[in-house]
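Everything on this sheet refers to the single structure shown next.
Numbering (our numbering), first residue to last: 7 to 222.
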């Protein structure tokens, strides 16, 4: 039996939050652990004994908004993926959530099957790139100043791995493309995380784009 994907839903609108929980509960692949009304509520409810795979995160919430809550989650619990679920489709909201550490961005108007697919891709690949993310992310980040890379040297294989991180390939598929073992790919990832002080695949992609290391 396939292990279920555990989900937490964070949104200040009770009807929407409950509706999403009920919809997702209809899918055999999903287990909704709990709901939270804000980042603060999430902090109080999140238990290290039963951490979710993915958190669906709204942006505008009282006490602690989605940006701050996402930073908190990805800093303290890097094994949890945050998928933004918002009504805002403007570039600023999308880019700021990605910078905060979100693995992807989905609009609330999406249908349940699109949401399910986004959850599955996020769980499998650690990154969900769709039309909301790709174009806007590229336009915004390419216009920003490059991050200083002085003193940071990446090997050719690390550069190759970084390029693959911007695709929809899983880490295992990346290993196959690079003709190395999955363990070696894990080593490339951990090495880049340490060298660049980055904690997620999304962060690697953002870094690569800003420094013209990734061609998309």
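Just so it is clear, CB atoms sit at the ideal spot from N, CA and C, and this is done for glycine as well. The structure presented is a predicted model; accordingly, all values stated were derived computationally and were not measured.
In this structure, the beta-carbon distance from residue 90 to residue 208 does not fall below 8 Å.
Here DSSP, grouped into helix, strand and coil, assigns residue 110 to strand. Rounded to whole angstroms, the Cβ separation of residue 12 and residue 39 is 5 Å, and the two are in contact under 8 Å.
Under the three-state reduction of DSSP, residue 117 is assigned to coil, being neither helix nor strand.
Under the three-state reduction of DSSP, residue 92 is assigned to strand.
In its chain, beyond the 5 residues on either side, 170 and 191 have a beta carbon closer than 6 Å to the beta carbon of residue 180. If you ignore the 5 residues before and after residue 86, its C-beta comes within less than 8 Å of the C-beta of 57, 58, 59, 60, 61, 79 and 80, all in its own chain and listed in chain order.
Within the model, the alpha-carbon separation for residue 162 versus residue 215 is close to 17 Å. According to DSSP, residue 87 shares a beta bridge with 60. Cβ neighbours of residue 65 within its own chain (closer than 8 Å, five residues either side excluded): 71, 72, 73, 90, 92, 94, 99 and 103. About 6 Å separates the Cβ atoms of residue 197 and residue 164, confirming a contact at the 8 Å cut-off. The C-beta of residue 82 has fewer than 16 other C-beta atoms within 10 Å across all chains shown, which makes the residue exposed.
Within the same chain, and ignoring the five residues on either side of residue 205 in sequence, the residues whose Cβ sits closer than 8 Å to its Cβ are 80, 81, 84, 107 and 199.
Each residue's CA atom was taken as its position, placing residue 189 and residue 174 some 19 Å apart. Counting other Cβ atoms within 10 Å of its Cβ, residue 50 stays below 16 and is therefore classed as exposed. DSSP, reduced to helix, strand and coil, places residue 134 outside both helices and strands of the structure shown, so it counts as coil. For residue 37, no alpha helix (DSSP H) encloses it; the enclosing beta strand (DSSP E) starts and ends at 36-42. When secondary structure is reduced to three states using DSSP, residue 218 falls in the coil class, being assigned neither helix nor strand. Residue 26 sits away from residue 75, with the two beta carbons spaced by 8 Å or more. Under the three-state reduction of DSSP, residue 15 is assigned to strand. Apart from the 5 residues on each side of it in sequence, residue 23 sits with its Cβ closer than 6 Å to the Cβ of 15, 17 and 41 in its chain, given in chain order.
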